[in-house]
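One structure below.
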Amino acid sequence: MNKLRQLWSNLRSSFWFVPSLIVVFSIALAVALVEADSAGSDLWLARWPRLFGAGVEGARGMMSTIAGSMMTVVGVTFSMILVVLALASSQYSSRILRNFMRSRVTQVVLGIFAGIFTYSLIVLRTIRGGDEGAFVPSLAVFFGFVLALGGVGALMFFIHYIASSIQASNIIASVASETVQAIERLFPENPGQEPADSIDDPSPDLLAERSWRTVLAGKSGYIQIVDNDALMRVAQDMDTIVRMERGIGEFVVRDTALVSLALRDPLDQETVAALQATFTISRHRTVEQDAAFGIRQIVDVALKALSPGINDTTTAVMCVDYLTVILARLAPRRITSLYRYGEERLRVIARGPGFESLLTESFDQIRGNASGNFVIMSRMIDAILTLAGLTTTPQRRRALLDQVQWIAELAGRTLEAKHDRTRINTQITRVREMLESEPALCAKEGKPHSQACLPNMTA
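Here it is as structure tokens:
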């Protein structure tokens, strides 16, 4: 199943799959229309002579022109795509190029142009001259004219699409939308059946006392997909516990630990192969089961925007806004335990991100590159204020409060204008009041909340 998923993902990301399907369809259409013409060519001419009445030379000339122009358009289209890929890589991040390659619009438009070219060639070779054996597939030639008009419309639409898709707002929104969809799949609001209340997760000490047999990775790369159902089946069939040593999005080196099983006896090769097959490992990460990679792409765009050579604060602000959208979908959701049970017995110990780790992934590097940038700091505090109103979990609120404290420390060190420090301090006070609504959150080392949580930056 994992191989099929990887194959489908690779097909979706290729320039040739959808265009090939359209070319095959255009071949079938051309053959069908030529056959229809050979069966009833006089009928079409008799009913609509102005539409279908074309001589041999006229039909040949038109189909030759259509074929030549479509081939030229295909070359121009590929040139535009390459320019866009180069611009996106240099201006934003090389990690978003896969999103452009996966674009269904780009693939369909390329398929339309290649399909019209193929259609024209097939129809062109069926046109015959001569006094006795003359044959002009009038219906097929007419449809070639219609397809050519459609190709002109597709070219105009594609130019508009390219100009729109290269805009930073559309790129970031597209990545954010795909990441939100991944969160909806990975962290559903109704996560399903949980283990019974009487079952407690085992302590780390008890797990450490067990004997573990390790399964090594068969190749190096990033883990794209994990078949959790297959892992559960293996654990149940062997009546043991399977512990993931590497999770989605992590890089694994060949012949290093991939999973471990709570067994004393050595594993047979069939079991090792079955466990290795539950992991899809490739050269790059994907968003399908890896929401952190979607966040990583947006953070990369923000870091590029904040670099001294570009210094595009507006794009960085948009990145923070859409990171907030992603985290806001996750903040109120219950993330299921990494301890997976089957028939009320622990079977799988998984690895996966939580809200706190995704929050860190979203804001830490942006904050580290926002020295002296009041706008970015202010927008990040606004984002944390939004997230604070969406979660009541103490650990998550503590993580949000830590982010606010780190931003406050950065602002106190790097903001030169007293006015900017005062404005930041006002925002921080508002966030602190919301996050301190549960008294235990900010209490540490016996200090009062005002001293324990945030530094004073008004000086």
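For the sequence shown, the working numbering gives the first residue as -17, with consecutive numbering after it. Yeah, the Cβ is synthetic: ideal placement off N, Cα and C, and Gly gets one too. Everything numeric in this text was worked out from a predicted model, so none of it was measured.
Once you ignore the five residues that flank residue i on each side, which residues in its own chain have a CB closer than 7 Å to its CB?
i: Met214; result: Arg322, Gly324, Arg329, Val330
i: Pro173; result: Since pLDDT at Pro173 reaches only 43, below the 50 mark, its modelled position is unreliable, and the value read off the structure follows with that caveat. Excluding positions up to five away in sequence, the list reads Arg316, Thr318.
i: Leu442; result: Limits of the chain in this structure are -17 at one end and 441 at the other, which puts residue 442 out of reach.
i: Gly231; result: Tyr204, Ile205, Arg267, Asp272, Ala274, Phe275
i: Ile389; result: Arg349, Met359, Met362, Ile363
i: Gly334; result: Gly229, Ile230, Leu320
i: Val269; result: Glu160, Thr161, Ala164, Phe275, Gly276
i: Val66; result: Phe82, Ile144, Ile148
i: Ser353; result: Leu392, Thr396
i: Thr373; result: Ala313, Pro314, Arg379
i: Pro421; result: Confidence in Pro421 is poor, its pLDDT being 40 and thus under 50, which makes the residue's placement too unreliable to answer from.
i: Ile410; result: Ile363, Val386, Ala390, Leu436
Ends of the alpha helix (DSSP H) at residue i?
i: Gly126; result: 120 to 147
i: Ala199; result: That residue, Ala199, is in no alpha helix (DSSP H); it is neither H nor E in DSSP.
i: Gly324; result: Where Gly324 is concerned, there is no enclosing alpha helix (DSSP H), although the beta strand (DSSP E) it sits in stretches over 321 to 324.
i: Val413; result: 400 to 417
i: Ala287; result: 273 to 288
i: Val58; result: 38 to 73
i: Ala165; result: This sequence places Ile at residue 165; Ala is not what is there. Residues 150 to 168.
i: Ser344; result: 337 to 350
i: Ile78; result: From DSSP, Ile78 is part of no alpha helix (DSSP H); its letter is neither H nor E.
i: Arg311; result: 295 to 312
Counting only the same chain and skipping the five closest in sequence on each side, list residues whose C-beta sits under 8 Å from that of residue i.
i: Ala178; result: Its pLDDT being 39, under 50, Ala178 is placed unreliably by the model, and nothing is read from it.
i: Ser85; result: Ser147
i: Val216; result: Val224, Thr253, Ala256, Leu257, Thr260
i: Lys429; result: Confidence at Lys429 is low in this model, with a pLDDT of 43, below 50, so its placement is unreliable and no value can be given for it.
i: Arg412; result: Leu367
i: Ile153; result: Ala70, Tyr74, Ile78, Asn81, Ser147, Val283
i: Ala199; result: Arg228, Val234, Val235, Arg236, Asp237, Thr238, Ala239, Leu240, Gln258, Phe261, Ile263
i: Thr59; result: Val91, Leu92, Phe95, Leu137, Phe140
i: Arg265; result: Gly203, Tyr204
i: Ser2; result: Gly93
i: Val56; result: Leu92, Phe95, Ala96, Phe99
i: Thr342; result: Ala381
Going by the DSSP bridge assignment, what does residue i pair with across the sheet?
i: Thr262; result: Ile207
i: Phe233; result: Tyr204
i: Phe117; result: Arg110
Residue range of the beta strand (DSSP E) that residue i falls in?
i: Ile331; result: 327 to 331
i: Arg225; result: 224 to 226
i: Ala239; result: 239 to 243
Might you give, ordered along the chain, the residues of its own chain that have their beta carbon closer than 6 Å to the beta carbon of residue i, omitting 5 neighbours on each side?
i: Ala136; result: Val91, Ile94
i: Glu176; result: Reliability of the predicted coordinates at Glu176 is poor, the pLDDT of 41 falling under 50, and the value obtained from them is presented with this limitation in mind. No residues qualify anywhere along the chain.
i: Ala150; result: Thr297
i: Gln279; result: Arg77, Ile78, Val157
i: Val87; result: Tyr143
i: Leu243; result: Arg195, Thr222, Val224
i: Ala41; result: Ile109, Val118, Val123
i: Ser102; result: Met45, Ile48, Ala49, Gly126
i: Arg287; result: Looking at the sequence itself, residue 287 is Ala, so the reference to Arg does not match. Taken in chain order, the residues that qualify are Asp294, Thr297, Ala298.
i: Val16; result: Thr108, Pro119, Ala122
i: Gly111; result: Val38
i: Ser180; result: Any reading at Ser180 must be qualified, since the residue scores a pLDDT of 39, below 50, and its modelled position is unreliable; no value is offered.
i: Glu338; result: Ala381
Between the stretch 288 to 298 and the stretch 306 to 318, do three or more beta carbon pairs fall short of 8 Å? They do not touch, by the three-pair rule.
What are the complete alpha helix (DSSP H) segments, minimum 4 residues, inside the stretch 360 to 390? Entirely contained in the stretch 360 to 390, not one alpha helix (DSSP H) run reaches 4 residues.
For the stretch 384 to 398 and the stretch 346 to 363, state whether three or more C-beta atom pairs, one from each stretch, are separated by less than 8 Å. With a cut-off of 8 Å on Cβ pairs, the stretch 384 to 398 is in contact with the stretch 346 to 363, counting three or more such pairs.
Under 8 Å, with one C-beta from each stretch per pair, do the stretch 46 to 64 and the stretch 244 to 252 reach the 3-pair mark? Contact between the stretch 46 to 64 and the stretch 244 to 252 is not established, with fewer than three Cβ pairs separated by less than 8 Å.
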